[in-house]
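A short write-up of the structure that comes next.
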Amino acid sequence: VDEVVGIMQDNIQKVMDRGERLDTLQVKTEDLQQQSSNFKRGANKVRKQMWWKDMKLKIILGVIIAL
Numbered sequence: 489v490d491e492v493v494g495i496m497q498d499n500i501q502k503v504m505d506r507g508e509r510l511d512t513l514q515v516k517t518e519d520l521q522q523q524s525s526n527f528k529r530g531a532n533k534v535r536k537q538m539w540w541k542d543m544k545l546k547i548i549l550g551v552i553i554a555l
């Protein structure tokens, strides 16, 4: 009986540890999701800035060639 009690206590401890790890994993997942959203927003901003920079250069070159 003592052996069964020891095994059950060990199993309960393992389940509690697993629950804590799942909670930690959930928090890390939420943080990663937020970071990926911020990265996507920043990447789109840089892409638009580069597009405008390229377009300005094309317009300037077009004006110079037209003159």
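Counting the sequence shown from 1 gives a position; my numbering is that position plus 488.
The C-beta atom is built at its ideal place from N, Cα and C for all residues, glycine as well.
Spatial neighbours of residue i in its chain, beta-carbon cut-off 7 Å, leaving aside the 5 residues before and after
i	result
Q492	The question names Gln, yet the displayed sequence has Val at residue 492. Counting only Cβ-Cβ distances below 7 Å, and skipping sequence neighbours, we find nothing.
Alpha-carbon spacing of residue i relative to residue j, whole angstroms
i	j	result
K546	Q521	37 Å
V551	W539	18 Å
L555	V534	32 Å
Own chain residues within Cβ distance below 8 Å of residue i, not counting five before or after
i	result
D519	none
As assigned by DSSP and simplified to three states, the class of residue i
i	result
V503	helix
D555	The question names Asp, yet the displayed sequence has Leu at residue 555. L555 falls in the coil class under three-state DSSP.
V489	coil
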